[in-house]
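Asker: Just add 9 to the spot in the sequence shown (first one is 1) and you have our numbering. Glycine included, every Cβ here is placed at the ideal spot set by N, Cα and C. Because the structure is a prediction, the values reported are computed rather than measured.
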Amino acid sequence: MICLGIESTAHTFGVGIATDENGGKILANEKSTYTTEHGGMKPRDVAEHHASMARDVLLAALEKAQLSIKDVDLVAFSAGPGMGPCLKIGEIVAKYLCLKYDKPVVPVNHCQAHIEIGLLVTQARDPVTLYVSGGNTQIIAKLNNRYRILGETLDIAIGNALDKFARAAGLGFPGGPVIEKLARRGRFVSLPYVVKGMDFSFSGIVTELERRLKQGYKLEDLCYSFQEHAFAMLTEAVERALAHAGKEEVLLTGGVAANKRLQEMLRTMCEDRNARFYVVPREYAGDNGAMIAWTGIIMARKHATKNIENVRSIQRWRIDEVEI
Ligand code: AMP
Ligand code: MG
Numbered sequence: 010m011i012c013l014g015i016e017s018t019a020h021t022f023g024v025g026i027a028t029d030e031n032g033g034k035i036l037a038n039e040k041s042t043y044t045t046e047h048g049g050m051k052p053r054d055v056a057e058h059h060a061s062m063a064r065d066v067l068l069a070a071l072e073k074a075q076l077s078i079k080d081v082d083l084v085a086f087s088a089g090p091g092m093g094p095c096l097k098i099g100e101i102v103a104k105y106l107c108l109k110y111d112k113p114v115v116p117v118n119h120c121q122a123h124i125e126i127g128l129l130v131t132q133a134r135d136p137v138t139l140y141v142s143g144g145n146t147q148i149i150a151k152l153n154n155r156y157r158i159l160g161e162t163l164d165i166a167i168g169n170a171l172d173k174f175a176r177a178a179g180l181g182f183p184g185g186p187v188i189e190k191l192a193r194r195g196r197f198v199s200l201p202y203v204v205k206g207m208d209f210s211f212s213g214i215v216t217e218l219e220r221r222l223k224q225g226y227k228l229e230d231l232c233y234s235f236q237e238h239a240f241a242m243l244t245e246a247v248e249r250a251l252a253h254a255g256k257e258e259v260l261l262t263g264g265v266a267a268n269k270r271l272q273e274m275l276r277t278m279c280e281d282r283n284a285r286f287y288v289v290p291r292e293y294a295g296d297n298g299a300m301i302a303w304t305g306i307i308m309a310r311k312h313a314t315k316n317i318e319n320v321r322s323i324q325r326w327r328i329d330e331v332e333i
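Below, the structure written as structure tokens:
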């Protein structure tokens, strides 16, 4: 079975192609990502970017896989959670392909897709997943055959927090990589540290950082301290989730998974607990079409349909609402 997957929940328009042969293989993973030099991203501008890039990315993926659209058995799209105008572009492209080429369509949960591709490309089997990205920050584990959210942000996502502070400091988007770089030269400043059970909050830290920036604190020190506080909060909550769920593996994914300091903290915690630690490689950790294609294959038996009227994107679709 060959599945073409479309990702468009946020800044990335991606098209991936996956097959279930040999236990699963990715045949293509093409994308175009919206970025800015200054300022953040406006959903409408991002949707415009996706609409204008859709054709090129689709053709690039087919070319990479050396396939024609006729070879594809089903089309999956990332149906949520995400930004409304961006989701719509993926939905429309998927439905167009299904109608024109008479293929079944599979709506895929974006957060589940991050986990499924992580399981495909690492040795992890049954992990506690820390999914850290621009729009989501969740600790997820499979319990009783359903993905459960064991912990999550009470306000904004960690990636969004990094991007917000970066925007305030005039560092452009995405902010995470720039903050990571500046942090290497920074010193410790005490900031709010907010963990409630296995949940956490980041907006207070950002407000405090912005205040201190105006007061003349060194940007390097603020970047370093931001990372130390926020990542320690995440690591603490993941450790608690591991004990609570009785799991022995941690899987780190999402765009923020690229951060070396976050990796280091989690790795140390896992070593102390005799848990195995896996990081999803960057190509598959950030938003991408391959994860949607692969999850489309996993979900196809239950959820594929040619009746597209009943299929639509859902801005707030939580992973614990998905039947697996
Ligand atoms: P995603 O939404 O999963 O594609 O991830 C995008 C988010 O990852 C953005 O908020 C980026 O700022 C963040 N990000 C990317 N690279 C890094 C990094 N090295 N350190 C921290 N955050 C990062
Ligand atoms: Mg994502």
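1) Helix or strand or just coil, what does DSSP make of ASN169?
2) When every heavy atom of the ligand MG is checked, does at least one fall within less than 6 Å of the C-beta of SER41?
3) What is the chain-ordered set of residues for which the beta carbon lies under 5 Å from any non-hydrogen atom of the ligand MG?
4) Could you check whether the Cβ of PRO183 sits closer than 7 Å to any Cβ belonging to chain C?
5) Between the alpha carbons of GLY168 and ALA252, how many angstroms are there, rounded?
6) Can you check which of these residues, ARG291, VAL288 and THR146, is closest to ASP208 by C-alpha distance?
7) Report the rounded CA-to-CA distance for ALA69 versus ASP172, giving the unit in angstroms.
8) What are the start and end residues of the beta strand (DSSP E) that includes TYR140?
9) Hey, would you say the C-beta of ASN118 is under 6 Å away from at least one heavy atom of the ligand AMP?
10) What is the residue span of the alpha helix (DSSP H) that LYS97 lies within?
11) Among LEU67, TYR43 and ASP65, whose alpha-carbon lies nearest the alpha-carbon of PHE57?
12) Any heavy atom of the ligand AMP closer than 6 Å to the CB of GLY99?
13) Looking at the unbroken alpha helix (DSSP H) that takes in LEU191, where does it start and where does it end?
Answerer: If we stick to the structure as given:
1) Within the sequence shown, numbered from 1, the residue matching residue 169 stands at position 160. Correct three-state label for ASN169: helix.
2) Here residue 41 corresponds to residue number 32 of the sequence shown, with the count starting at 1. Not so, every heavy atom of the ligand MG lies at least 6 Å from the Cβ.
3) SER142 and ASP296
4) This model lacks chain C altogether; it includes just one protein chain.
5) Locating residue 168 in the sequence shown gives position 159, counting from the first residue. Locating residue 252 in the sequence shown gives position 243, counting from the first residue. GLY168 and ALA252: Cα-Cα distance of roughly 26 Å.
6) Residue numbering aside, residue 208 sits at position 199 when the sequence shown is read from its first letter. Looking at the Cα atoms, THR146 is the closest of the given residues.
7) For the purposes of this step, residue 69 is identified with residue 60 of the sequence shown, where counting begins at 1. For the purposes of this step, residue 172 is identified with residue 163 of the sequence shown, where counting begins at 1. If you take the alpha carbons of ALA69 and ASP172, they lie about 30 Å apart.
8) Against the sequence shown, residue 140 aligns to sequence position 131. Looking at the DSSP string, the run of the beta strand (DSSP E) that includes TYR140 is 137 to 141.
9) Taking the first residue of the sequence shown as position 1, residue 118 is located at position 109. It does not: the Cβ of ASN118 is nowhere closer than 6 Å to a heavy atom of the ligand AMP.
10) Within the sequence shown, numbered from 1, the residue matching residue 97 stands at position 88. Here the alpha helix (DSSP H) through LYS97 covers 93 to 110.
11) If you number the sequence shown from 1, residue 57 lands on position 48. In the sequence as presented, Phe is not what sits at residue 57; that position holds Glu. Ranking the options by Cα distance to GLU57, first place goes to TYR43.
12) As a working note, residue 99 is residue 90 in the sequence shown. No, the ligand AMP has no heavy atom inside 6 Å of this Cβ.
13) The residue labelled residue 191 in the question sits at position 182 within the sequence shown. Element bounds for LEU191: 185 to 192.
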